[in-house]
Amino acid sequence: MKISHSRRAFASSTMLGFGLSCLGFDAGAQGQESVKIGVLLSLSGAAATFGIPERDMVKVLAEKYNAEGGFRGRKLELVFHDDQTNPTESARGATKLIQQDKVVVIIGPTIGSAALAVLPIAARAQVPVLTPVGTISVTAKENSFFPWVFRTCPNDELLVTASMETAVLKAGYKRLAVMYQEDAYGKNSAAFAEKFAKEHGIEIVSLASAPAAAVDLSATATRIRAANPDSVLLWTSTPAMGAAFVRAARQVGLNVPIIGSGALVQRSFIETAGSAAENVTILAFANWDDPSPKLKKLGALLRTNGKTPSGFGELLTATGMAALTAALAKVEGPVTGARIRDALEKVCGIDNPYVDGKFCYSADSHEGFGSDALQAVTVRDGKFRSIAPNPK
1 MKISHSRRAF ASSTMLGFGL SCLGFDAGAQ GQESVKIGVL LSLSGAAATF GIPERDMVKV
61 LAEKYNAEGG FRGRKLELVF HDDQTNPTES ARGATKLIQQ DKVVVIIGPT IGSAALAVLP
121 IAARAQVPVL TPVGTISVTA KENSFFPWVF RTCPNDELLV TASMETAVLK AGYKRLAVMY
181 QEDAYGKNSA AFAEKFAKEH GIEIVSLASA PAAAVDLSAT ATRIRAANPD SVLLWTSTPA
241 MGAAFVRAAR QVGLNVPIIG SGALVQRSFI ETAGSAAENV TILAFANWDD PSPKLKKLGA
301 LLRTNGKTPS GFGELLTATG MAALTAALAK VEGPVTGARI RDALEKVCGI DNPYVDGKFC
361 YSADSHEGFG SDALQAVTVR DGKFRSIAPN PK
């Protein structure tokens with residue numbers, strides 16, 4: 001397989017303007033020698049723990065697809081760009097992938113703010129984006145770029161609602177504290193939790209936040225303890241922040257049940273938190289410590305290719321690749337971004353060989369997954385243990 005690697009930008013740049021809409025040709029069209037796919041992920045920076053497994057999965061599946069004949073005899077050619085967990089660099093990378101590398105579709109970015117920076121650029125060029133982010137606004141229908149973005153993971157509202165229903169409401173907790181990451185992702189998720197709590201008679205006794213890079217959360221945990229909650233919803237996109245909070249909570253005597261975000265289902269969370277991670281409950285997209293038959297199959301494929309499964313990032317881009325190859329099978333004529341986009345809206349009910357849960361795109365919804373893709377897990381004896389197959 002031919003793989004091109006974009007040169008990493010070593011300095012932050014201002015977001016570039018984009019003028020492909022002024023050109024007199026379809027920026028998504030390409031010749032017959034290969035089908036170019038842009039892979040725009042966080043391979044360095046804070047989100048690299050997700051971006052690197054996402055990249056590895058794309059590479060493994062593209063190699064497998066090509067070995068099995070490719071797209072009507074044509075290879076998938078991957079063109080990589082590291083956005084360094086930086087939305088400005090992500091926008092620059094998207095511009096390069098589209099204008100210079102002539103990709104017809106983009107997989108990525110890894111984080112929501114980067115996706116929001118990239119999507120207007122991709123939409124103007126008529127290049128669809130398969131993005132592994134849960135940020136709810138990414139697929140909002142009022143956005144002008146909505147037709148060009150397709151989500152490959154459960155969205156944040158779905159995750160928060162399922163967590164609140166399964167681990168808070170059904171458990172009978174009435175006095176909830178919410179600890180969230182201090183950014184748009186965290187604030188939106190906290191708002192979803194507040195809405196659910198209000199509708200179901202659950203009192204939010206404390207709302208607290210901290211930057212994703214915070215390492216000492218003792219003061220925050222102490223303030224939450226003073227509010228006398230009977231449970232804590234911990235919502236962060238980084239295992240490091242999650243580990244910092246549960247360690248601090250146990251150290252200050254905040255010994256109530258903690259319900260974590262799906263991002264915590266990473267080995268690094270348990271390794272960093274140690275015994276403080278015990279009994280944390282999470283609504284997860286996957287559990288490598290107790291894998292389903294499909295997940296076992298995916299793990300075997302990764303290990304055969306020298307990769308060790310690390311979390312759920314692999315599933316997000318595995319879903320993207322499954323959706324893309326299913327869409328390509330529906331494309332008639334030259335492969336363009338517009339034709340791939342149209343075909344993606346017809347990808348529904350595919351049998352994803354590696355990922356559980358029903359999956360469906362349509363003209364009205366680019367979400368993909370529902371709550372049946374989630375399972376409740378808890379940390380026990382240093383491993384993630386499945387409690388129930390899904391929140392229903």
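Sequential numbering from 1 applies to the sequence shown in UniProt numbering.
Ideal Cβ positions, reconstructed from N, Cα and C, are used throughout, including at glycine.
Sheet register partners of residue 41 (DSSP bridge)
Note: residue 41 sits in a beta bridge opposite 82.
Under the DSSP definition of a beta bridge, which residues are partnered with residue 379?
According to DSSP, residue 379 bridges with 384.
Sequence-distant residues of the same chain with beta carbon closer than 7 Å to residue 325, five excluded per side
Answer for residue 325: 65, listed in chain order.
Applying the criterion that 16 or more other CB atoms from any shown protein chain within 10 Å of the CB defines a buried residue, is residue 189 buried or exposed?
The residue is buried, with at least 16 neighbouring Cβ atoms inside 10 Å.
Quick one: is the Cβ of residue 278 within less than 8 Å of any heavy atom of the ligand HEM?
In the structure on display, the ligand HEM does not appear, and there are no ligands present to speak of.
Measure the C-alpha to C-alpha separation of residue 250 and residue 50 and round it to an integer number of angstroms.
Take the alpha-carbon of residue 250 and the one of residue 50: they are about 27 Å apart.
Using the C-alpha atoms, what's the distance from residue 266 back to residue 136?
Computed Cα separation, rounded: 22 Å.
Local conformation of residue 258 per DSSP, three classes
Strand, per DSSP.
Name the DSSP bridge partner or partners of residue 283?
DSSP lists 376 as partners of residue 283.
Kindly provide the ranges of any alpha helix (DSSP H) runs that are 4 or more residues long and lie completely inside the segment 48-75, ordered along the chain.
Taking only runs of at least 4 residues, the alpha helix (DSSP H) segments lying wholly in the segment 48-75 are 48-67.
Give the single residue among 276, 239, 270 whose Cα lies nearest to the Cα of residue 404.
Beyond the ends of the chain as shown, which are 1 and 392, falls residue 404; an answer cannot be given.
C-alpha gap between residue 131 and residue 256, whole angstroms:
Taking the Cα positions, residue 131 is about 35 Å away from residue 256.
What residue range is occupied by the uninterrupted beta strand (DSSP E) comprising residue 332?
From DSSP, residue 332 is part of no beta strand (DSSP E); its letter is neither H nor E.
Classify residue 312 as helix, strand or coil using the three-state DSSP reduction.
Three-state DSSP puts residue 312 in coil, outside helix and strand.
Do the segment 178-193 and the segment 210-229 meet, that is, are 3 or more Cβ pairs less than 8 Å apart?
Short answer: they touch.
Run through DSSP, which three-state label would residue 251 get?
If DSSP states are grouped into helix, strand and coil, residue 251 belongs with the helices.
Looking at the structure shown, is residue 163 part of a helix, part of a strand, or coil, going by DSSP?
Three-state result, residue 163: helix.
Sort out for me which residues DSSP pairs residue 345 with in a bridge.
For residue 345, which the question treats as bridged, DSSP gives no partner whatsoever.
Quick check on DSSP: helix, strand or coil for residue 220?
Under the three-state reduction of DSSP output, residue 220 falls in the helix class.
Pull up the distance between the alpha-carbon of residue 193 and that of residue 156, whole angstroms please.
Cα to Cα, residue 193 sits roughly 11 Å from residue 156.
Put residue 227 into one of helix, strand or coil per three-state DSSP.
Of the three classes helix, strand and coil, the one that applies to residue 227 here is coil, per DSSP.
Does the separation of the CB atoms of residue 384 and residue 288 fall below 9 Å?
One thing to note: residue 384 has its Cβ within 9 Å of the Cβ of residue 288.
Out of curiosity, what's the CA-to-CA distance linking residue 94 and residue 352?
One C-alpha to the other measures close to 27 Å.
By Cβ distance, which residues of its chain are closer than 7 Å to residue 409, with the 5 residues on each side in sequence left out?
Residue numbering for the chain in the displayed model covers 1 to 392; residue 409 lies beyond these limits and cannot be assessed.
Quick check: what's the CA-CA separation for residue 391 versus residue 159?
Annotation note: pLDDT 40 at residue 391 (below 50); position unreliable, no value reported.
In chain order, what residues of the same chain lie with their CB nearer than 6 Å to the CB of residue 45, ignoring the 5 residues before and after it?
These residues qualify, in order along the chain: 84, 85.
Is residue 206 helix, strand or coil when you go by DSSP?
DSSP, reduced to helix, strand and coil, places residue 206 within a strand of the structure shown.
Determine the DSSP secondary structure at residue 106, reduced to helix, strand or coil.
Shown here, residue 106 sits in a strand according to DSSP, grouped into three states.
For residue 348, I'd like the list of residues in its chain whose CB is within less than 7 Å of its CB, leaving aside the five on either flank, ordered along the chain.
Once the five neighbours on either side are set aside, the close Cβ partners of residue 348 are 360, 361, 362.
Taking the C-alpha atoms as reference points, what is the distance between residue 122 and residue 37?
Straight-line Cα distance between these residues: approximately 13 Å.
Do you know how far the Cα of residue 321 is from the Cα of residue 42?
Going by C-alpha positions, residue 42 is about 18 Å away from residue 321.
DSSP on residue 195, reduced to helix/strand/coil?
Residue 195: helix per DSSP, three-state reduction.
On a CA-only basis, which of 329, 284, 309 is nearest residue 387? Give me that one, please.
Its Cα nearest to that of residue 387, the residue 284 stands out among 329, 284, 309.
Please report how far the alpha carbon of residue 134 lies from the alpha carbon of residue 34, in whole angstroms.
Rounded to whole angstroms, residue 134 to residue 34 spans 31 Å at the Cα level.
Three Cβ pairs or more, each shorter than 8 Å: is that satisfied between the segment 88-102 and the segment 54-65?
By the Cβ criterion, the segment 88-102 is not in contact with the segment 54-65, since fewer than three pairs of Cβ atoms, one from each stretch, lie closer than 8 Å.
Within this structure, are the beta carbons of residue 327 and residue 316 separated by less than 9 Å?
Going by C-beta atoms, residue 327 is not nearer than 9 Å to residue 316.
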